[in-house]
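J.: Using our numbering, the first residue of the sequence shown is number 978, and each one after it goes up by one.
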Amino acid sequence: MKDNLIYKIAPTGKALFLAYDHGIEHGPTDFNETSVDPAFIMDIAEKGKFEAVVFHKGVAEKYYNGRVPLILKLNGKTKLREGDPVSRAVCTVEEALSLGAAAVGYTVYAGSDYEREMFSEFGEIVREAHRLDVPVVLWSYPRGHSIKDQFAPDVVAYAARVGLELGADAVKVEYTGNPENFKWVVKSAGKVKVFMAGGPKAANDEAFLTQVKGVIDAGGAGLAVGRNVWQHKEPLKISKALRSIVMEGKGVKEAMQAAGLS
Ligand code: FBP
């Protein structure tokens, strides 16, 4: 039996990962004059005490400074192509390690016409990563014309379970909207740690932090968040509030006060 390797980067079993793979997934449209610079994200990751920062290999090569553990995202795709999504590896586990990665990440779009290609490639990546004792984080996003509602609790629970079945150490999924049905998502993943994807910048801090609290109350391990931090006007304050909830188990109001957000 193999231990869950995610404890190498999340020793307490809880974690906050700062995601910044949007430049390829969405294009620069997500960025402003400040956040377009990967050095700004590296700085937030360090000062905000994130357990890891998520980069693609090109950004890692030119901007990763080693001050925060790195999750190297191995596959990616743009939004420019229509149709069912497919994302293939552009970097190997060995390359990731040579860039200083402590873990690797990979997206699988279960339900897509190209599911089997991604399953098969992910299988090879898990094999190689686990041979080298490297934790693997799966971005598990059911997508494509067969998926009617990617946020439906049974669909998200299925996505979490795919992580367990395919050998991931942690799985990143969408939030289902409330802690009651997210509990089943967490349960479905078994020993695989479940992280919430941040999503587009929320209208207000309280709404976003309430979702995060829901994830923790449901037994989730934390979140891999991008836009809700680096599009925030005070990224370090929202990071602090997130830490209070995820790492210290505080409530939303208390976390906002401690971070100077209320
Ligand atoms: P956000 O917190 O900004 O949503 O980032 C999480 C993330 O999974 C990124 O790692 C990824 O680039 C993006 O969301 C994918 O977004 P989409 O839902 O459009 O595929």
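C-beta atoms are modelled at their ideal positions from N, C-alpha and C, and glycine is treated no differently.
1. Rounded to the nearest angstrom, how far is the Cβ of Ala1198 from that of Ala1136, given a contact under 8 Å?
2. Between Asn1205, Ser1075, Asp1146, Asn1052, which has its C-alpha nearest Tyr1041's C-alpha?
3. I'd like to confirm the pairing. Which residues does DSSP put opposite Ile1048 in its beta bridges?
4. If distances are taken between C-alpha atoms only, which option among Lys1190, Val1162, Pro1177 comes closest to Lys1170?
5. Identify, in the order they occur along the chain, each residue of the same chain with its Cβ nearer than 7 Å to the Cβ of His1122, setting aside the five sequence neighbours on each side.
6. Quick one: grab the DSSP three-state call for Arg1058.
7. Just verifying my parser: in three-state terms, what is the DSSP assignment at Ala987?
8. Which residues does DSSP list as the beta-bridge partners of Val1162?
9. Is Trp1116 a contact residue of the ligand FBP, with contact defined as CB to any heavy atom under 7 Å?
10. Rounded to the nearest angstrom, how far is the Cβ of Leu995 from that of Phe1027, given a contact under 8 Å?
11. Just to be sure I understand the criterion: a residue counts if its Cβ is closer than 5 Å to at least one heavy atom of the ligand FBP. Which residues meet that?
12. By a C-beta neighbour count over all protein chains shown, 10 Å radius and 16 as the cutoff for buried, is Arg1108 buried or exposed?
13. Taking the alpha-carbon positions, what's the Lys1168 to Gly1196 distance?
14. Starting from the Cα of Glu1023, find the closest Cα among Pro1005, Gly1043, Thr1006, Asp1007 and give me that residue.
15. Could you check the C-alpha separation between Leu982 and Asp1146 for me, to the nearest Å?
16. Helix, strand or coil: how does DSSP classify Ala1129 here?
17. I need the straight-line Cα distance from Trp1116 to Ser1239, nearest angstrom please.
18. I'd like the span of the beta strand (DSSP E) that includes Val1192, first residue to last.
19. DSSP beta-bridge partners for Phe1172?
20. Whole angstroms are fine: how far does the CA of Glu1059 sit from the CA of Leu1219?
21. Using CA coordinates, which residue listed in Gln1234, Ala1232, Glu1225, Ala1235 is at the minimum distance from Thr989?
22. What does the alpha-carbon distance come out to for the pair Ile1193 and Glu1157?
T.: According to the data block:
1. Here the question's residue 1198 lines up with position 221 in the sequence shown. Here the question's residue 1136 lines up with position 159 in the sequence shown. Their Cβ separation, rounded to whole angstroms, is 15 Å, which puts Ala1198 and Ala1136 out of contact at 8 Å.
2. Against the sequence shown, residue 1041 aligns to sequence position 64. When only C-alpha atoms are compared, the closest one is Ser1075.
3. Sequence index remark: in the sequence shown, residue 1048 carries index 71 (1-based). For Ile1048, which the question treats as bridged, DSSP gives the partners Val1031, Ala1080.
4. In the sequence shown, the residue the question calls residue 1170 occupies position 193. Nearest option by C-alpha distance: Val1162.
5. Within the sequence shown, numbered from 1, the residue matching residue 1122 stands at position 145. Excluding positions up to five away in sequence, the list reads Asp1061.
6. For the purposes of this step, residue 1058 is taken as residue 81 along the sequence shown, with counting starting at 1. If DSSP states are grouped into helix, strand and coil, Arg1058 belongs with coil.
7. Locating residue 987 in the sequence shown gives position 10, counting from the first residue. Of the three classes helix, strand and coil, the one that applies to Ala987 here is coil, per DSSP.
8. Counting from one through the sequence shown, the residue named residue 1162 turns up at place 185. Answer is none; Val1162 lacks a bridge partner.
9. Locating residue 1116 in the sequence shown gives position 139, where the first residue counts as 1. Yes, the ligand FBP has a heavy atom inside 7 Å of this Cβ.
10. Residue numbering aside, residue 995 sits at position 18 when the sequence shown is read from its first letter. Residue numbering aside, residue 1027 sits at position 50 when the sequence shown is read from its first letter. Contact flag correct, Cβ pair sits at about 4 Å.
11. Ala996, Asp998, His999, Glu1002, Ala1174, Gly1175, Gly1176, Val1202, Gly1203, Arg1204
12. Position 131 of the sequence shown, counting from 1, holds the residue named residue 1108. So Arg1108 ends up on the exposed side.
13. Indexing the sequence shown from 1 puts residue 1168 at position 191. Indexing the sequence shown from 1 puts residue 1196 at position 219. Their Cα atoms are separated by approximately 11 Å.
14. For the purposes of this step, residue 1023 is identified with residue 46 of the sequence shown, where counting begins at 1. Checked all of Pro1005, Gly1043, Thr1006, Asp1007; the closest Cα to Glu1023 is Gly1043.
15. On the sequence shown, residue 982 is found 5 positions in, with the first residue counted as 1. On the sequence shown, residue 1146 is found 169 positions in, with the first residue counted as 1. Those two C-alpha atoms are separated by around 6 Å.
16. Position 152 of the sequence shown, counted from the first residue, corresponds to residue 1129. The answer is coil: DSSP assigns Ala1129 none of H, G, I, E or B.
17. Residue 1116 sits at position 139 when you count from the first residue of the sequence shown. Residue 1239 sits at position 262 when you count from the first residue of the sequence shown. Rounded to the nearest angstrom, the two C-alpha atoms are 32 Å apart.
18. Looking up residue 1192 in the sequence shown gives position 215. Unbroken run through Val1192 is the alpha helix (DSSP H), 1182-1194; no beta strand (DSSP E).
19. In the sequence shown, residue 1172 corresponds to position 195, counting from 1. Note: Phe1172 sits in a beta bridge opposite Lys1149, Gly1199.
20. Mapped onto the sequence shown, residue 1219 falls at position 242. Mapped onto the sequence shown, residue 1059 falls at position 82. Cα to Cα, the separation comes out at about 35 Å.
21. Against the sequence shown, residue 989 aligns to sequence position 12. Ranking Gln1234, Ala1232, Glu1225, Ala1235 by Cα distance to Thr989 puts Glu1225 first.
22. Position 216 of the sequence shown, counted from the first residue, corresponds to residue 1193. Position 180 of the sequence shown, counted from the first residue, corresponds to residue 1157. Rounded to the nearest angstrom, the two C-alpha atoms are 11 Å apart.
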